[in-house]
Structures are given as C-alpha cells and as structure tokens.
Amino acid sequence: MALIGLGTLSRVPAASRPLTLPGPASTGIVHVGIGAFHRAHQAVYTEEAVAAAGGDWGIAAVAPHSADVVAALRAQDRLFSVTSLGRSTRVIGAFSEVLHAAADADAVISKIADPRVRVVTLCMTEKGYFTDPATGKLLPGASAGIPGLLLRGLDARRRADAGPLAVVSCDNLPSNGRRTRSLFQQLCPSGPLADWIAAGVTFPGTMVDRIVPAGTAATLAAAAAALGVEDRAAVAAEPFKQWVIEDDFPGGRPAWEAAGAVLTGDAGPWERLKLRTLNGVHSGIAYLGALAGRRTVLSALELPGMREVMGRFIADDVAGSLTPPPGVTVVGYGDSVLERFADPAIEHRTVQIAKDGSQKLPQRVLHTIADRRAAGASPRWAALVVAAWMRYVQGVADDGSALPLDDPLGPAIRAALAGASTPAEVRDALFGLSAVFPPELAGDAVVRELCGEWLEALTRHGAAAVLAGVR
Ligand code: CS2
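Below is the structure:
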C-alpha cells in the first residue's frame with residue numbers, strides 16, 4: 001500500500017483530507033514532544049484554528065528522543081492521521097517541519113530565535129521537566145536535556161531581539177504554567193537572560209484533556225483501512241477533547257477558540273478539577289486494576305466495586321478538596337469521566353497509566369489528601385489509591401505475575417523497599433521518599449494509618465476482594 005504524503009492525498013477520501021498544509025515558511029509555533037497526545041490534541045486544535053481563522057501558525061514539531069517518529073513523519077510529508085474512535089479518521093496538516101532535538105539542535109535554537117515564531121508549546125511528560133515532584137525543585141540533568149536546549153533557544157532569541165514569546169506547558173502538572181516559569185528561573189536565576197525572560201516571556205497555564213492510548217498495530221490498520229494509504233504515524237483517540245488556556249500571548253496566538261478551546265484568565269480551577277478527578281481516578285483504576293490482573297481501564301472498571309469506590313473517591317475526597325469552575329460540579333464532571341473511561345472503543349492499558357507514578361501521585365492524589373487533611377477530614381479513598389501504588393511498585397500482581405516498575409524514581413523506590421517486608425514496613429519505607437511525599441504528609445498519623453490499613457488489606461486479600469468488600 002502507498003504511503004500517505006502530498007503525492008497520494010488525492011487517494012484519501014475527501015472528508016479525511018487535511019484542512020491546511022503549512023510549509024516551513026509558515027512556522028509560528030515550536031512544539032517539543034510529538035507523541036500521540038500532541039498529535040491528537042494541540043495539533044488538531046491548531047490545524048482547525050488556522051483553517052477557520054488563518055494565520056501563519058505552522059508547527060515546527062520537535063521530537064525530544066525518538067528518531068523513528070522524525071523519519072516516519074518526514075517520509076510522509078509531515079502528515080499523520082487521527083482516528084476519533086468509533087467515528088472518523090482525518091489527516092492533519094499542522095506540522096510545517098519536523099526536527100530532532102539532538103540531531104537538529106542548532107535548527108531548534110534558530111527556530112526559537114526566529115521572530116516569526118511567537119509560541120513554544122511543550123508536551124514533555126511530567127519527568128521531562130526535571131523537577132522534584134513534591135517541591136518543584138530543579139533536579140540534575142535539566143541543562144543537558146530539553147530544558148537546557150530551550151534555554152539556549154531563549155538566549156538566541158534575546159540576542160536576536162526577536163520579540164516576546166509565550167512558552168506553554170501542555171502537560172498534566174500542577175499549575176503547569178507556574179511550574180514551567182519556575183523551571184527556567186531555576187535554570188537561569190540571574191543575569192541578562194533571566195531579566196529578558198522575566199520581561200518578555202509568558203508562561204500561560206493550561207488544562208489539556210483527551211484520552212489517547214499508545215498506538216498499536218490495530219491503530220495503523222484502522223487508519224490504513226479508512227484512508228486507503230498507509231500512515232505509520234497514525235494515532236487513535238477518544239472523540240472528546242478539551243483545552244483550557246490562559247490568554248497571555250504577547251506575540252499573538254492561533255484562534256484556538258475557533259476550534260473549541262476555552263481562553264481564560266485562570267486555568268487553575270479546570271486544571272485542578274481535571275488532575276484530581278480524571279487523572280486521580282485514572283491512576284486509581286490503573287493500580288487497582290493492574291493488581292487484580294486487568295489489562296485495560298475498561299476491564300478494570302468492570303471489577304465489582306470499582307465504580308462505586310471511584311465514585312466515592314470523587315464525591316467524598318476530591319469534591320471537598322477544590323472549587324470547580326463556575327457551572328460545573330465535581331460529581332457531575334466525575335460521572336462524565338467514568339463514562340468516557342467505559343467507552344468500549346478505547347483500549348487503554350492499565351500499566352501505561354501506572355507508569356511514572358512517582359511523578360503523577362502528587363498532583364493527582366496527594367494534593368487532594370493534603371487539602372482534605374487541612375480541612376480536618378480523613379480522605380479514605382484517596383489513601384486507597386496511594387496504598388494501591390505502594391503495592392504496585394513492589395512489582396507483583398495478586399496472581400503472582402510480574403508488574404513493570406517504569407518510573408524515573410525506580411532505583412530509589414527499589415532501594416527504599418529493599419529492607420521492607422510487612423505492609424507497615426513497606427508503607428514506612430515509601431513515605432520516606434521525600435521527592436514524592438512532603439514531610440507534612442509523611443508525618444501525618446491519620447494518613448499513615450489509612451494507607452497502612454489499605455495496604456494490609458490489599459496485601460492480604462488482593463485488590464479484587466478489597467473492592468468487592470466495600471460495596
Ligand atoms: C493518563 C493520562 O497516562 C496517564 O497517566 O491518566 O494520559 C490521561 O489519559 C490524559 O491526561 C487524559 O487527558
């Protein structure tokens with residue numbers, strides 16, 4: 001089968017063709033991190049915004065690590081398709097060029113220094129920020145990694161006097177705009193570049209949302225069947241998508257609102273709602289489900305008691321921990337999230353969501369616990385999620401099969417667990433990880449007791465029995 005590309009687009013059904021075809025001269029955005037999530041989210045919004053309202057907002061798509069995705073996208077003229085599961089497949093024309101962070105570092109730096117570029121967006125995953133999950137403090141490795149490359153780009157822009165810029169985090173981090181600003185402040189605390197960043201670079205916060213499971217052979221087969229040509233960079237996602245963006249773009253931006261994004265003064269209420277409800281519940285389902293031997297979110301949700309437990313986590317713990325955006329209730333939002341998770345078209349693996357737990361737990365669960373404790377409450381269900389993580393990272397499911405520990409803190413977690421055998425010892429060892437658990441939380445007797453009880457029950461009876469028992 002022929003490969004998708006400019007020369008084969010005529011074979012693609014008309015309704016599946018791209019809305020725009022930006023070339024290198026129209027680059028207005030540099031985006032780092034071109035995994036499935038970016039392709040199915042910001043790339044789609046940007047393409048639709050440009051189609052509706054115009055503007056030179058082609059995306060220079062930078063792959064931080066994988067050279068394969070660069071080769072695949074270049075071989076097909078930067079085109080790729082997004083299949084909205086159960087609905088339609090469309091080729092997206094959003095990328096104006098494709099670069100590799102290491103191989104094309106100089107080109108990335110000159111792009112950031114190009115006055116036609118006015119926005120830099122980031123999908124680096126939690127660990128890509130090289131900051132301590134509990135405190136946000138800079139970790140070693142940032143200068144040699146993508147943050148260092150971006151900083152060199154900012155310095156080149158300053159020297160070129162290329163004008164102000166917005167740097168936009170599209171990752172599931174707490175206060176992601178502030179976290180990103182702080183990353184650059186810590187990387188470059190003083191001097192002319194620090195002053196220039198303070199004066200000319202904004203860091204709008206965002207809430208990003210779309211369930212985009214890692215692609216499989218079936219994803220590629222479905223795209224090929226729909227398009228009539230092969231697409232090696234195809235992604236599949238749920239039909240739903242949401243993007244809330246703080247409107248602070250000193251050099252302008254695409255008309256993302258024309259594509260359905262919400263521009264606002266403060267994305268915080270949306271961000272907290274989404275991280276604590278959707279992502280918190282996702283992690284809870286992932287750890288408990290994986291322990292019980294369930295491969296996907298959908299099959300984990302079918303465990304007797306899982307829905308009820310997650311419903312109580314939302315209603316009893318998350319709801320009291322935050323103020324939702326106007327017109328939204330936490331329980332109503334939570335119901336819609338559980339409905340999305342139950343979509344039979346989505347095959348989202350529990351171990352995919354379970355990975356990098358040390359980077360995810362703080363904003364997804366621990367902040368809920370801290371806020372509930374400050375209000376004098378005992379967040380029982382949130383403690384169950386933490387206990388499920390504590391059992392998961394020991395690496396053995398309830399049926400004795402192995403579970404992968406894929407986490408940048410993996411070595412520290414293994415070292416902490418080395419001398420621990422009873423559930424109480426495991427809990428104490430893991431609470432000692434200060435990169436995850438801040439001292440106030442680790443020293444809270446109520447939290448320790450709740451987590452200890454759940455971990456004991458999970459260890460003794462298994463996740464399926466624990467869930468069934470709380471019905
Ligand atoms: C998931 C998220 O993998 C995970 O940790 O919780 O990727 C989730 O699917 C997205 O945030 C949904 O917007």
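Under the working numbering, the letters of the sequence shown match residues 1 to 471, in that order. Glycine included, each C-beta is placed from N, C-alpha and C at the ideal position.
- Per DSSP, the continuous beta strand (DSSP E) segment holding V30 begins and ends at T27 to V32.
- Less than 9 Å divides the Cβ of A2 from the Cβ of V229.
- For H282, no pairing in a beta bridge is given by DSSP.
- Considered as a whole, the stretch 210-280 harbours 217-227 and 268-273 as its complete alpha helix (DSSP H) runs of no fewer than 4 residues, in chain order.
- Excluding the 5 residues flanking it on each side, P408 has same chain C-beta neighbours closer than 8 Å at K127, D356, S358 and Q359, in chain order.
- A direct Cα-to-Cα measurement between A14 and V91 gives close to 10 Å.
- For V44, the Cβ stays outside the 8 Å cut-off from all heavy atoms of the ligand CS2.
- Around P164, the same chain offers G200, P250 and G251 as residues with beta carbons nearer than 6 Å, after the five sequence neighbours per side are excluded.
- Between the ligand CS2 and the CB of D406, the shortest heavy atom gap is not smaller than 8 Å.
- By the criterion of a C-beta distance shorter than 7 Å, M310 is surrounded in its chain by V281, G284, I285 and L338, once the five residues flanking it on both sides are discounted.
- H100 has A63 as its beta-bridge partners, per DSSP.
- Assigned with DSSP and collapsed to three states, G58 falls in strand.
- Relative to N176, the option among S143, T121 and P24 whose CA is nearest is T121.
- When secondary structure is reduced to three states using DSSP, V309 falls in the helix class.
- Around the CB of P325, 16 or more other CB atoms lie within 10 Å, so the residue is classed as buried.
- Ranking A445, T83, L291 and P147 by CA distance to the CA of L458 puts L291 first.
- A distance below 6 Å between beta-carbons, with the five flanking residues on each side excluded, links A49 to the following residues of its chain, in chain order: P254, A255, W256, A258 and A259.
- Boundaries of the beta strand (DSSP E) harbouring R90: T89 to I92, taken from the DSSP string.
- Under the 8 Å Cβ criterion, the stretch 199-217 counts as touching the stretch 338-348, having at least three qualifying pairs.
- Cβ-Cβ distances below 8 Å link T27 to D56, G58, I59, A60, S96, E97, K111, D114, R116 and V117 in the same chain, with the five nearest sequence neighbours on each side left out; the list follows chain order.
- Within the same chain, and ignoring the five residues on either side of R152 in sequence, the residues whose Cβ sits closer than 6 Å to its Cβ are I109.
- Residue environment analysis places Q76 among the buried positions, since at least 16 neighbouring C-beta atoms fall within 10 angstroms of its C-beta.
- Exclusion of L122 from the 8 Å shell around the ligand CS2 follows from its C-beta lying no nearer than that to any non-hydrogen atom of the ligand.
- With 16 or more other CB atoms across the displayed protein chains lying within 10 angstroms of its CB, R181 is buried.
- Here D161 is exposed, its C-beta having fewer than 16 other C-beta atoms within 10 Å.
- In the three-state scheme derived from DSSP, where H, G and I count as helix and E and B as strand, S190 is classed as coil.
- T277 and R11 have their C-alpha atoms spaced approximately 43 Å apart.
- Put simply, the backbone Cα of E347 is about 29 Å away from that of D316.
- Beta-bridge analysis with DSSP links A166 to V119 and T202.
- Within the same chain, L275, R276, N279, G280 and S283 come within 7 Å of R364 by CB-CB distance, once the 5 residues on both sides are set aside.
- Annotation for V386 indicates a beta carbon at 8 Å or more from all heavy atoms of the ligand CS2.
- With a threshold of 8 Å, the Cβ atom of R210 counts as near the ligand CS2, since some heavy atom of the ligand is closer than that.
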